[in-house]
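One structure below.
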Amino acid sequence: MNTILDLQNISTTVNAGTNEEKKILKNINLKLEDGDFVTLLGTNGAGKSTLLNIINGSLFPTTGKIFLKKRNLTNDSEVKRAKYIAQVFQDPKMGTAPRMTVAENLLLATKRGHHRGLHLRGLDKHLDDFKKETSQLPNGLNERLNTFVGNLSGGQRQTLSFLMATIKRPDLLLLDEHTAALDPNTSRELLELTDKVVREEHLTCIMITHQLKDAIKYGNRTIILNSGEIVLDVKGKDKKKLTEEDILQYFAD
Ligand SMILES: Nc1ncnc2c1ncn2[C@@H]1O[C@H](COP(=O)(O)OP(=O)(O)OP(=O)(O)O)[C@@H](O)[C@H]1O
Ligand SMILES: [Mg+2]
Numbered sequence: 001m002n003t004i005l006d007l008q009n010i011s012t013t014v015n016a017g018t019n020e021e022k023k024i025l026k027n028i029n030l031k032l033e034d035g036d037f038v039t040l041l042g043t044n045g046a047g048k049s050t051l052l053n054i055i056n057g058s059l060f061p062t063t064g065k066i067f068l069k070k071r072n073l074t075n076d077s078e079v080k081r082a083k084y085i086a087q088v089f090q091d092p093k094m095g096t097a098p099r100m101t102v103a104e105n106l107l108l109a110t111k112r113g114h115h116r117g118l119h120l121r122g123l124d125k126h127l128d129d130f131k132k133e134t135s136q137l138p139n140g141l142n143e144r145l146n147t148f149v150g151n152l153s154g155g156q157r158q159t160l161s162f163l164m165a166t167i168k169r170p171d172l173l174l175l176d177e178h179t180a181a182l183d184p185n186t187s188r189e190l191l192e193l194t195d196k197v198v199r200e201e202h203l204t205c206i207m208i209t210h211q212l213k214d215a216i217k218y219g220n221r222t223i224i225l226n227s228g229e230i231v232l233d234v235k236g237k238d239k240k241k242l243t244e245e246d247i248l249q250y251f252a253d
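Residue numbering for the sequence shown follows the UniProt record's numbering, beginning at 1 and increasing consecutively.
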């Protein structure tokens, strides 16, 4: 087994020393193997987004260590980690630059992890590639390559965010309810695309969702967080047996 992500004794306390002190994550130990596609569940406030923020470096843990492909990232900045870790958020406004076109955004995404500056030279060269890359995508993104991203629909923008996150293969893909703001059909299309890309590219991925059906349907592994602790972690055959009733039991306090 090839471990991609290794979280060791991760704890996060906010407002330490005040009467609002709160332990958000409590001694999390978690290893993800190459190609693990995890659906992450838990009630509001369970600590799911905080866990992803600790992994992507937008938040530093109070204790513990983070390794990605055996590299110790614990003290690395979010910018440094962006070279290896890609994320799509719930809010379609995040992750894309509104005053640039779809094609310009895609060009930036291909340069992820390099010192960018803002040079967009060579865009024409890439247009044919982008036309191909977007030809199979839902939501008509293919006809919008020269549209400013600020003028896209939420569904188009999320599809673009997803493509930007995966156009250059990341070591780890983090999805924080990335289809929650979309209508049911658009959400379904983006989930199907997600599943296809994660499997075809053999990506290692954590996808947060509140949809029990989706958590059961997608991925090879399901993890449930409750009050900052992992209360269920099932994989393979055990995951296939998991029912909505099983999951709901773990949601109880
Ligand atoms: N910087 C912070 N200061 C204080 N409390 C925080 C901070 N960040 C998160 N919290 C609290 O930590 C808890 C976990 O938040 P988190 O956003 O990780 O939950 P979640 O599982 O993603 O929930 P949701 O399903 O609602 O998105 C919440 O009670 C939240 O209010
Ligand atoms: Mg959240």
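Each residue gets a CB set at the ideal place from its N, CA and C atoms; glycine is no exception.
| task | Indicate whether L173 and L182 have their beta-carbon atoms separated by less than 8 Å. | result | no
Of all the options N226, Y250, G228, I216, which has the alpha carbon lying nearest to the alpha carbon of D238?
-> I216
- Can you tell me the Cα-Cα spacing of D128 and V14, whole angstroms? 48 Å
_Inter-residue spacing [alpha-carbon to alpha-carbon] between G154 and L212_ = 23 Å
query: Is it right to say A86 is buried, meaning 16 or more other beta carbons lie within 10 angstroms of its own, or is it exposed?
result: buried
ask   = How close, in whole Å, do the beta carbons of I4 and L32 come, if the pair is a contact with beta carbons under 8 Å?
value = 5 Å
| said: Taking the alpha-carbon of residue 260 as reference, which of T18, D36, L30, I24 has the nearest alpha-carbon? | reply: Since the displayed the chain opens at 1 and closes at 253, residue 260 lies outside it and no answer follows.
Q.
Residues around ligand 2, please: the ones whose beta-carbon is closer than 7 Å to some heavy atom of it, in chain order.
A. K48, S49, D176, E177, I208
Does T18 come out as helix, strand or coil in the three-state DSSP assignment?
coil
| Quick one: does the C-beta of A46 sit closer than 7 Å to a heavy atom of ligand 1? | yes
Inset, instruction - Answer yes or no: do T50 and T110 have a C-beta to C-beta separation smaller than 8 Å? - result: no
- Task: Determine the contact status of I208 and L52, defining contact as a CB-CB distance below 8 Å.
- Result: yes
Nearest-angstrom Cα separation, counted from L73 out to T63: 13 Å
Is the beta carbon of G42 within less than 7 Å of some heavy atom of ligand 1?
yes
With a 10 Å radius around its C-beta and 16 neighbouring C-beta atoms as the bar for buried, classify S161 as buried or exposed. buried
Check your understanding: Taking the runs of the beta strand (DSSP E) that are 3 residues or longer, which of them lie wholly in the region 136-198?
Key -> 172-176
_At the level of alpha carbons, what is the spacing between V197 and T18?_
45 Å
Review point. Which partner residues does A86 have in the DSSP bridge list?
Key: L173
Beta carbon of L137 nearer than 8 Å to that of L193 | yes
Pull up the DSSP beta-bridge partners for S11, would you.
T63
From E170 to T243, what does the alpha carbon distance come to, in whole angstroms?
-> Sequence inspection shows Pro at residue 170; the Glu mentioned does not correspond to that position. The alpha-carbon atoms of P170 and T243 are separated by roughly 31 Å.
Note to self: Tell me the rounded alpha-carbon separation between L163 and L106.
What the structure shows: 8 Å
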